[in-house]
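Colleague:
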Amino acid sequence: MPVQHDIPGPGDLRDDTTAGRVLIGSLMRAQLGLSLLCLMLALAVTVSFPLVAALVPAVGRTRVAGLPLTLIVLGFAFYPVFMAVGWFYHRQARQLEVRFTDLVDPPGRGGCDATGPHA
Amino acid sequence: MPDTAIGAIAFVTLLTIVVGARGIRVARTPDDFMVAARQVPPGINAAAISGEYLSAASFLGIAGLIVSQGLGSLWYSVGYTAGYLVLLLLVAAPLRRFGAYTIPDFAAGRLGSTSLRRVATTLVLVIGWFYLLPQMKGAGITLQWVLGTPYWIGVVVLGVVVSGNIAMGGMKGITFVQCFQYWLKLCAIGIPALVLLVATGHEGARNLQPGRAPVFTRATVVQVPQTVEFTLSRPARVTVSGLVDQRSYRDQAVPLCACRHVAAAGTSLGFAAGAPAPTSVAMAAPGGVSWDSPFSTAGTDGAHPLASTYGVIIATFFGAIGLPHILVRFYTNPDGEAARRTTLIVVLLLSTFYLFPTVLAVLTRLHAPQLYMVGDSDDVILALPSLLLPGLPGQLLAALVAAGAFAAFLSTSSGLLVSVSGALSHDFLRGGVTSFRWCAIAAGAVATIASLLIGRFNLALLVGWAFAIAASSFCPLLVLGIWWRQLTKAGAAAGIVVGGGACLAAIVATMAGAATHGWSAVLLGQPALWSVPLAFGVMIVTSLFTQATVPGNVGQVMLRMHQPEALSRHDYRPLTVERGRRSPGR
Chain Z
1 MPVQHDIPGP GDLRDDTTAG RVLIGSLMRA QLGLSLLCLM LALAVTVSFP LVAALVPAVG
61 RTRVAGLPLT LIVLGFAFYP VFMAVGWFYH RQARQLEVRF TDLVDPPGRG GCDATGPHA
Chain X
1 MPDTAIGAIA FVTLLTIVVG ARGIRVARTP DDFMVAARQV PPGINAAAIS GEYLSAASFL
61 GIAGLIVSQG LGSLWYSVGY TAGYLVLLLL VAAPLRRFGA YTIPDFAAGR LGSTSLRRVA
121 TTLVLVIGWF YLLPQMKGAG ITLQWVLGTP YWIGVVVLGV VVSGNIAMGG MKGITFVQCF
181 QYWLKLCAIG IPALVLLVAT GHEGARNLQP GRAPVFTRAT VVQVPQTVEF TLSRPARVTV
241 SGLVDQRSYR DQAVPLCACR HVAAAGTSLG FAAGAPAPTS VAMAAPGGVS WDSPFSTAGT
301 DGAHPLASTY GVIIATFFGA IGLPHILVRF YTNPDGEAAR RTTLIVVLLL STFYLFPTVL
361 AVLTRLHAPQ LYMVGDSDDV ILALPSLLLP GLPGQLLAAL VAAGAFAAFL STSSGLLVSV
421 SGALSHDFLR GGVTSFRWCA IAAGAVATIA SLLIGRFNLA LLVGWAFAIA ASSFCPLLVL
481 GIWWRQLTKA GAAAGIVVGG GACLAAIVAT MAGAATHGWS AVLLGQPALW SVPLAFGVMI
541 VTSLFTQATV PGNVGQVMLR MHQPEALSRH DYRPLTVERG RRSPGR
């Protein structure tokens with residue numbers, strides 16, 4: 001027998017009710033949006049470098065402090081960008097989950113998990 | 001040099017066996033063998049993942065490719081790192097929450113089909129073996145370089161050590177081994193890179209001039225161990241002792257033209273300071289692309305550099321997701337949040353490691369242009385230390401590099417062999433510990449024999465191809481399986497077979513020498529360019545035509561993958577969540 005509340009809660013998720021599906025669907029959309037945003041960010045930074053070098057050949061021959069720009073960009077500069085994007089994503093994804101937990105199972109409501117992260 | 005290097009390699013191998021043996025007492029059930037009982041904290045786990053991931057390609061292949069083909073080959077190290085970022089963004093947490101052990105487990109659990117499971121298992125074997133071959137080649141050339149043994153001896157040594165170790169210890173042991181291997185590899189490449197950077201001066205900076213062929217910065221005698229074909233970028237007077245172009249000389253100054261020459265084994269060539277460095281056929285870059293251009297031309301003739309660069313980017317960025325030996329490690333995280341943290345640490349560890357092959361490659365270009373004469377680009381890193389640093393320090397660094405390289409082959413092939421034999425024993429035989437052990441030995445034997453056949457391809461290129469197959473098959477399966485409710489088993493199977501099959505066919509055609517120039521070389525040599533979109537397309541379209549077969553439990557499965565543990569811990573997952581691990585709030 002599916003559990004029905006006036007306010008959707010963890011039971012709706014567990015029993016796959018309409019409200020539960022809407023809830024988890026909203027979380028998935030938010031998570032996917034965040035992931036794609038971060039993916040686009042990382043791709044834009046990396047993919048644009050060879051494109052620019054193909055359009056403006058001088059870029060590929062540029063030198064910075066005696067070193068080829070290619071060496072600086074491909075050898076060193078992309079890694080901090082990856083870390084920054086990964087860090088941003090990790091924080092935001094965790095926050096989305098904390099907010100979702102609070103929404104579905106508010107700490108004060110005495111739901112199935114009273115020891116949630118904000119208890 | 002041989003004595004120190006033999007000692008170092010033997011030490012690494014013994015240590016691997018001893019550390020692995022610690023696991024034997026713990027590993028009792030198939031579950032322990034497969035995923036180390038899910039008790040591994042993120043820092044250890046991240047180092048283990050990186051240790052398993054950094055293979056012969058990263059340790060020897062990339063630097064050799066940079067030296068021979070140019071800085072554009074750095075796209076391989078960028079891509080191998082970015083692969084983990086993409087994995088973090090798209091699959092890390094949901095896949096951990098799903099709780100399956102292997103990709104075939106995921107396919108079967110998500111879409112409820114045993115026939116799809118068989119398809120996935122077959123592809124695990126294809127990718128696993130394809131990836132094992134370069135590891136074996138690396139062991140073969142390393143021992144060949146260090147000891148002068150024939151190529152096959154190194155291959156057989158690695159095969160025996162790895163299959164024996166896995167058959168005895170399973171993966172609990174391997175987790176400790178892999179973690180230790182990461183730090184060993186980082187030291188084995190980082191210390192030589194830093195020492196050599198400090199020990200060498202600036203006088204070679206001329207060799208970084210744009211579009212310029214490398215020249216000797218001081219008078220240098222090049223010894224030719226094996227008969228080699230080489231070219232000179234401009235005419236030069238060379239002091240020859242031995243046989244060049246089938247003429248014998250004894251310490252004579254010979255004018256050589258800017259064309260192709262053959263030097264016989266045992267010949268020595270003396271070059272004055274400022275003379276052009278001779279380049280062997282194996283180290284020659286495709287014409288028309290300068291060494292400092294940002295395009296990757298490996299595996300093609302350099303005709304369409306932008307397209308071939310994008311091929312490498314697509315294969316490496318999206319290939320890490322689909323590697324069978326990597327995903328199994330995510331199940332050793334306690335929960336989805338820990339899986340994300342682990343992956344982020346992996347990106348950091350990989351970024352750190354990949355700084356050093358770059359440094360070594362640039363040092364080779366600057367100070368050791370005689371290495372353009374080696375017969376195999378994968379030898380460059382092994383040869384560099386004793387050339388730049390004469391005497392005992394150079395020998396010690398060379399031994400360290402050889403040991404690190406051996407560690408790289410050991411760790412990656414262990415991980416691959418666990419996946420391959422796990423898949424074999426679980427899906428094609430009855431499963432269980434005994435069957436797993438026999439499969440480990442059989443799979444190791446097959447890989448050992450097969451790798452005696454792939455001599456001439458650069459390691460990074462071979463591994464890049466394994467990534468391309470993974471990106472065109474398992475990547476769409478996992479990404480769509482996690483984020484798209486409408487995926488069906490028919491769609492998944494069609495995408496895997498068409499995408500993975502087409503990609504494999506293109507690579508086999510390239511290896512057989514079917515296309516060597518123009519667009520056909522780019523499209524067959526870097527197949528990810530079209531096979532990854534093809535796989536996604538086939539998977540989506542076929543699924544849309546077979547919507548009647550969307551599994552009935554898709555809602556529950558999606559919930560399981562995406563619901564935070566805080567909500568689900570009292571429902572149906574009692575065993576894995578550890579209290580106190582989750583960071584409180586934001």
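Protein sequences appear in the order of chains Z and X.
With the first letter of the first sequence counted as 1, position 8 gets the number 8 in this note's numbering; the numbers rise by one all the way through.
With the first letter of the second sequence counted as 1, position 497 gets the number 497 in this note's numbering; the numbers rise by one all the way through.
Even glycine gets a Cβ: it sits at the ideal position worked out from N, Cα and C.
Keep in mind it's a predicted model, so treat the numbers as computed, not measured.
1) Tell me the rounded alpha-carbon separation between residue 257 of chain X and residue 366 of chain X.
2) To the nearest angstrom, how far is it from the Cα of residue 189 of chain X to the Cα of residue 394 of chain X?
3) Should residue 57 of chain Z go down as buried or exposed, given a rule of 16 or more other Cβ atoms within 10 Å for buried?
4) So, under 8 Å CB-CB, residue 168 of chain X and residue 448 of chain X are touching, yes? Tell me the CB distance rounded to an integer number of Å.
5) Let's see if you can read the secondary structure: which residues bound the beta strand (DSSP E) around residue 331 of chain X?
6) So residue 241 of chain X is in the alpha helix (DSSP H); what residue range does that whole segment cover?
7) Taking all protein chains shown into account, do 16 or more other C-beta atoms lie within 10 angstroms of the C-beta of residue 181 of chain X, making it buried, or fewer, making it exposed?
8) How should residue 90 of chain X be labelled, buried or exposed, when 16 other C-beta atoms within 10 angstroms of its C-beta is the threshold for buried?
9) Residues in the segment 280 to 313 of chain X with C-beta within 8 Å of chain Z's C-beta atoms, listed in sequence order?
10) Per DSSP, residue 223 of chain X is paired with what?
11) In chain order, what residues of the segment 69 to 83 of chain Z put their CB closer than 9 Å to some CB of chain X?
12) Would you report the Cα separation of residue 23 of chain Z and residue 94 of chain X, rounded to the nearest angstrom?
13) Taking the alpha helix (DSSP H) that residue 478 of chain X falls in, what are its first and last residues?
14) Out of X/219, X/378, X/543, X/311, point me to the one whose CA is closest to residue 519 of chain X's CA.
15) Entirely within the segment 489 to 560 of chain X and at least 4 residues each: give me those alpha helix (DSSP H) ranges in chain order.
16) For a test of the three-state rule: what should DSSP assign to residue 430 of chain X, helix, strand or coil?
17) Is residue 11 of chain X buried or exposed, if buried means 16 or more other CB atoms sit within 10 Å of its CB?
18) If you measure between the beta carbons of residue 25 of chain Z and residue 12 of chain Z, is that distance less than 8 Å?
19) Hey, could you find the ends of the beta strand (DSSP E) residue 261 of chain X is sitting in?
20) May I ask you to report which of helix, strand or coil DSSP gives residue 192 of chain X?
21) Is the beta carbon of residue 409 of chain X less than 8 Å from the beta carbon of residue 193 of chain X?
22) Run down chain X in chain order and give the residues with a C-beta less than 8 Å from the C-beta of residue 39 of chain Z.
23) With respect to the beta strand (DSSP E) encompassing residue 228 of chain X, which residues constitute its N-terminal and C-terminal limits?
24) Among all the DSSP beta bridges, which residues are the ones paired with residue 67 of chain Z?
25) Roughly how many angstroms lie between the CA atoms of residue 219 of chain X and residue 252 of chain X, to the nearest whole one?
26) Would the segment 367 to 379 of chain X and the segment 139 to 158 of chain X be scored as touching if the rule is three or more Cβ pairs under 8 Å?
27) Return no unless some Cβ of chain X is closer than 8 Å to the Cβ of residue 103 of chain Z.
28) How many Å lie between residue 54 of chain Z and residue 460 of chain X at the Cα?
29) Look up residue 280 of chain X in the DSSP assignment and give the residues it is bridged to.
30) Answer with buried or exposed for residue 544 of chain X, where buried requires no fewer than 16 other C-beta atoms within 10 angstroms of its C-beta.
31) Output, in chain order, the set of chain X residues within a Cβ distance shorter than 8 Å of residue 47 of chain Z.
32) Could you tell me whether the Cβ of residue 82 of chain X comes closer than 8 Å to any Cβ of chain Z?
33) Return yes when the Cβ of residue 351 of chain X is within less than 8 Å of the Cβ of residue 124 of chain X, no when it is not.
34) Counting contacts by CB-CB distance shorter than 8 Å, is residue 365 of chain X in contact with chain Z?
35) Applying a beta-carbon distance threshold of less than 7 Å, which residues of chain X neighbour residue 8 of chain Z?
36) Let me check one thing: in DSSP terms, what residues is residue 120 of chain Z bridge-paired to?
Modeller: Let me lay it out:
1) 24 Å
2) 14 Å
3) exposed
4) In fact, because the Cβ distance is near 18 Å, the residues do not count as touching under 8 Å.
5) First-last for residue 331 of chain X: undefined, no H or E at that position.
6) Taken as a continuous stretch (DSSP letters only), residue 241 of chain X belongs to no alpha helix (DSSP H), being part of the beta strand (DSSP E) at 236 to 244.
7) buried
8) buried
9) 290, 292, 293, 294, 295, 305, 306, 309, 310, 313
10) X/268
11) 69, 70, 71, 73, 74, 75, 76, 78, 79, 80, 82, 83
12) 17 Å
13) 474 to 483
14) X/311
15) 489 to 495, 501 to 511, 518 to 525, 528 to 545
16) coil
17) exposed
18) no
19) 260 to 263
20) helix
21) no
22) 86, 89, 90
23) 228 to 231
24) Z/64
25) 15 Å
26) yes
27) no
28) 24 Å
29) X/230
30) exposed
31) 310, 313
32) yes
33) no
34) no
35) Within 7 Å Cβ-Cβ: nothing; residue 8 of chain Z doesn't reach chain X, min ~12 Å.
36) Absent from the structure is residue 120 of chain Z, since the part of chain Z shown begins at 1 and ends at 119.
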